[in-house]
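Going by the working numbering, the residue at position 10 of the sequence shown is 13; the numbering climbs one at a time, nothing skipped. The beta carbon of each residue, even a glycine, is placed where N, CA and C say it ideally should be.
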Amino acid sequence: MSAVRKRQAREAGQSRVDVGQLGFERLLSEWVGQRVDHDEHPLPVLAFADLVPDEGGEVVLRPGGLDRRVRLLVPLLPVEQGRSVPHVTAAGEDVTGMRFVRFAGGPVVHLPADVELEFVLVGA
């Protein structure tokens, strides 16, 4: 269940639990040596393969709500990070004030400066 769908379910007062997601989070927690606590706000988890870059090879992440940390499952670690050069992406997103993470042969991911991106290496 995506972070957006989880938030929508919470706002609608639903308490649906996706068993597949619980199993995935349990496995993920073993990989990174952390227990995922479902009583607290769980980290949103994104897969690298799910990132769809625009025509310029850029992706803009804008986590909503309380999400100030995002876990990204990646087949390789980034090759470069830094402050985004102020510009508007091919998709029309203004990345002024954001930071970026560049992957070899992959997209450039822009995200707000106050959002922490946690990388978890997984098989390709």
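Rounding to the nearest angstrom, what Cα-Cα distance links Glu-83 and Leu-69 in this structure?
27 Å
Pro-45 to Val-73, Cα distance in whole Å?
10 Å
Evaluate His-113 with the Cβ neighbour count: other Cβ atoms within 10 Å of its Cβ, from every protein chain shown; 16 or more gives buried, anything less gives exposed.
buried
Evaluate Pro-47 with the Cβ neighbour count: other Cβ atoms within 10 Å of its Cβ, from every protein chain shown; 16 or more gives buried, anything less gives exposed.
Buried, by the Cβ-count rule.
Could you give the distance in angstroms between the alpha-carbon of Leu-120 and the alpha-carbon of Glu-58?
Rounded to the nearest whole angstrom, the C-alpha separation of Leu-120 and Glu-58 is 23 Å.
Using DSSP bridges, identify the partner residues of Asp-97.
For Asp-97, which the question treats as bridged, DSSP gives the partners Val-91.
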